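Asks: Be aware that the sequence shown starts at 1, since it is given in our numbering, and climbs by one per residue. Backbone N, C-alpha and C define an ideal beta-carbon position, used for all residues, glycine too. It should be emphasised that the depicted structure is a prediction, and the values quoted were computed from it without experimental measurement.
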Amino acid sequence: MHRFRADCIIVSADRFIRGGTLVVDDGLVRDVVHTHQATVDREFRGCIIAPGLVNAHCHLDLSLFPPAARVNHRGDFFAWLREVIAYRRRASLDELTEAVRAGVNECLRYGVVAVGDVTTLGLPPASWHPLRGVLFGELLGTTAARIEEVKRRARCWLEAATAAANRRRHDRHISLSPHAPYSTATELYRWAARQCPTEPLTTHLLELPDEAELLIDPPSTHNSLVTLLQHYGAWHPEQLWTLPALFRFLAETPSRWIAAHANYVQPAQLRPLAERICVAYCPRTHAAFGHVRHPCRALLDAGIAVAIATDSKASAPNLSLLVEAQTALVRDRLEPTAVFRMITQVPAAALGLKRSGTLAPGAHADFIVVQPPGPIEDPIRSLLEPASRILATFIAGQAVYDLEAGT
Ligand SMILES: [Zn+2]
Numbered sequence: 001m002h003r004f005r006a007d008c009i010i011v012s013a014d015r016f017i018r019g020g021t022l023v024v025d026d027g028l029v030r031d032v033v034h035t036h037q038a039t040v041d042r043e044f045r046g047c048i049i050a051p052g053l054v055n056a057h058c059h060l061d062l063s064l065f066p067p068a069a070r071v072n073h074r075g076d077f078f079a080w081l082r083e084v085i086a087y088r089r090r091a092s093l094d095e096l097t098e099a100v101r102a103g104v105n106e107c108l109r110y111g112v113v114a115v116g117d118v119t120t121l122g123l124p125p126a127s128w129h130p131l132r133g134v135l136f137g138e139l140l141g142t143t144a145a146r147i148e149e150v151k152r153r154a155r156c157w158l159e160a161a162t163a164a165a166n167r168r169r170h171d172r173h174i175s176l177s178p179h180a181p182y183s184t185a186t187e188l189y190r191w192a193a194r195q196c197p198t199e200p201l202t203t204h205l206l207e208l209p210d211e212a213e214l215l216i217d218p219p220s221t222h223n224s225l226v227t228l229l230q231h232y233g234a235w236h237p238e239q240l241w242t243l244p245a246l247f248r249f250l251a252e253t254p255s256r257w258i259a260a261h262a263n264y265v266q267p268a269q270l271r272p273l274a275e276r277i278c279v280a281y282c283p284r285t286h287a288a289f290g291h292v293r294h295p296c297r298a299l300l301d302a303g304i305a306v307a308i309a310t311d312s313k314a315s316a317p318n319l320s321l322l323v324e325a326q327t328a329l330v331r332d333r334l335e336p337t338a339v340f341r342m343i344t345q346v347p348a349a350a351l352g353l354k355r356s357g358t359l360a361p362g363a364h365a366d367f368i369v370v371q372p373p374g375p376i377e378d379p380i381r382s383l384l385e386p387a388s389r390i391l392a393t394f395i396a397g398q399a400v401y402d403l404e405a406g407t
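1. First and last residue of the alpha helix (DSSP H) that includes Val265?
2. What does the alpha-carbon distance come out to for the pair Leu208 and Ala102?
3. Any idea if Ala405 is buried or exposed, counting beta-carbon neighbours within 10 angstroms, 16 or more meaning buried?
4. At which residues does the beta strand (DSSP E) containing Glu252 begin and terminate?
5. For His222, is the beta carbon positioned less than 8 Å from some heavy atom of ligand 1?
6. Would you mind reading off the limits of the beta strand (DSSP E) that contains Ser12?
7. Is the separation between the beta-carbon of Ala245 and that of Cys296 shorter than 9 Å?
8. Would the region 256-263 count as touching the region 236-244 if we require 3 or more Cβ pairs under 8 Å?
9. May I ask you to check if the CB of Asp171 is nearer than 8 Å to at least one heavy atom of ligand 1?
10. Given this structure, state the Cα-to-Cα distance separating His222 from Ala325, to the nearest angstrom.
11. Check whether the Cβ of Val118 sits closer than 8 Å to any heavy atom of ligand 1, and report yes or no.
12. Is Tyr182 near Leu123, with beta carbons less than 9 Å apart?
13. Determine the closest residue to Ala56 out of Asp31, Asp76, Cys107, Asp26, with distance taken between C-alpha atoms.
14. Keeping to the same chain, check which residues put their C-beta closer than 6 Å to that of Val29; ignore five residues upstream and five downstream.
15. Determine, using beta-carbon pairs with one atom in the region 151-158 and one in the region 114-134, whether at least three such pairs fall under 8 Å.
16. Closer than 6 Å by C-beta to Gln269: which residues in its own chain qualify, once you throw out the five before and the five after it? Chain order, please.
17. Apart from the five residues on each side of it in sequence, which residues of its chain come closer than 6 Å, Cβ to Cβ, to Cys8?
18. Please specify which runs of the alpha helix (DSSP H), each continuous and at least 4 residues long, are wholly inside the region 146-200, giving them in chain order.
19. Between Ser183 and ligand 1, is the CB less than 8 Å from at least one heavy atom?
20. Does the beta-carbon of Ser63, which I'm using as the reference point, lie nearer than 8 Å to any heavy atom of ligand 1?
21. Considering only their Cβ atoms, is the gap separating Leu321 from Val134 smaller than 9 Å?
22. Compute the distance between the beta-carbons of Ala274 and Arg331, then report whether it is under 9 Å.
23. Could you tell me if Lys354 is buried or exposed, where buried requires 16 or more neighbouring beta carbons within 10 angstroms of its beta carbon?
24. Give me the residue from Arg276, Glu138, Ala69, Thr162 with the minimum Cα distance to Val306.
25. Comparing the CB of Ser382 with every heavy atom of ligand 1, is any distance shorter than 8 Å?
26. In its own chain, which residues sit with a C-beta less than 6 Å from the C-beta of Glu187, not counting the 5 before and 5 after it?
27. Which residues in the same chain have their Cβ closer than 6 Å to the Cβ of Ser388, if we skip the five residues on either side of it in sequence?
28. In chain order, which beta strand (DSSP E) runs of at least 3 residues are fully inside the region 259-304?
29. Is it right to say Asp61 is buried, meaning 16 or more other beta carbons lie within 10 angstroms of its own, or is it exposed?
30. First and last residue of the alpha helix (DSSP H) that includes Asn409?
31. Check whether the Cβ of Ala6 sits closer than 8 Å to any heavy atom of ligand 1, and report yes or no.
32. Quick check on this structure: which residue in Pro125, Ala251, Leu201 has the alpha carbon closest to the alpha carbon of Leu93?
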């Protein structure tokens, strides 16, 4: 049994205990009690203990993407995408694995304990240790030959990765991610849903205005996205969804989905599948590309789950989920408790991580220790202060990042 005390323990967005002690047993939260009696293993004065953060959408294999190539074309999405494609083509599996490890370390430093990570097929799940979450192998292709090849590689990875992920012990799951409706054949969406019937799936959705224009019948050909796809020999509109067909498919299949970005989605399009979809909004990436205002407020008002995420280091300067949350707080004028849910409970639920996103008894003892700049009046506001510092991150009651200890 281990005990951790802080000035305030945030159990969830709706509950906090001042002067509380977190009692941990066998990697799980046993209790959060209000007592000064018992001796404790660690005491964090002037600090808040909060649930570890959950990042619903990232690409850790881009964590070593050259900073000079990061959104440096005044937000020109297509120039940027060419850089990302070139990087992916030249990076070996070993280099991408090393990038995942660098990304994992950065997550721990920023208090992230679980991820929804879209990744290259073939990477070994052990590289994500000790993070929990769902690793989504990415599927991409529109030609018949490419579709078969992608299925073959995905089948091998699913089999090997599922065996290695140790789902029960680490709460680390394996699933698939059809990349986007403009780049990935309808067949790969259907196939992914059949392969992973019990795990969530994810896709990039309506990230660009060009996408909505392209996914109509017949598609617009005077479109920058079409030019890009033609450049790579990947423009095969007969293999792609129209938007109504895609939303019908999402509504009719029983799968749960995380829709990354959804910058140009309308709440009415997602309402029929509100129970099974969560939008992953990436505020700094959204800002870097100069999109119109994100519909997150309208989506929340329509009862659709929205999580805050980082996307990758190809478009964000780092993997700090707290900075993303602070950005959304200011840009989108969201309530602090709503923002806190969007980096804890909401993404945990979307990823199917029942023991994450809260410190209620029975949850994983995954928590962060945050030192706010001043007195703690409103704990969630204090946590979201730009000057707040993450001093330590714990997973299963063990320190995986400790600023004071220098690890
Ligand atoms: Zn992404």
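Replies: Looking at the coordinates:
1. No alpha helix (DSSP H) contains Val265, which DSSP labels as neither H nor E.
2. In this structure, the alpha-carbon of Leu208 lies about 29 Å from that of Ala102.
3. Answer is exposed; the Cβ neighbour count stays below 16.
4. Segment 243-252 is the alpha helix (DSSP H) holding Glu252; no beta strand (DSSP E) there.
5. no
6. 2-12
7. no
8. Of all C-beta pairs linking the region 256-263 to the region 236-244, fewer than three are shorter than 8 Å, placing the two stretches out of contact.
9. no
10. 37 Å
11. yes
12. At a Cβ-Cβ threshold of 9 Å, Tyr182 and Leu123 do not count as neighbours.
13. Cys107
14. Leu359, Pro361, Ala363, Ala365
15. Result yes; three or more Cβ-Cβ pairs closer than 8 Å.
16. Result list for Gln269: Phe247, in chain order.
17. Phe16, Arg18, Ile48, Ile376, Pro379
18. Counting whole runs of 4 or more residues, the region 146-200 contains the alpha helix (DSSP H) stretches 167-170, 186-195.
19. no
20. no
21. no
22. At the C-beta level, Ala274 and Arg331 stay beyond 9 Å of one another.
23. exposed
24. Arg276
25. No, Cβ of Ser382 sits at least 8 Å from all heavy atoms of ligand 1.
26. Counting only residues of its own chain and dropping the five nearest sequence neighbours on each side, Glu187 has a CB closer than 6 Å to the CB of Ile147.
27. Excluding sequence neighbours, Ser388 sits near Val370, Pro372.
28. 277-281
29. buried
30. Coverage of the chain is limited to positions 1 through 407, which leaves residue 409 absent and any answer about it impossible.
31. No.
32. When only C-alpha atoms are compared, the closest one is Pro125.
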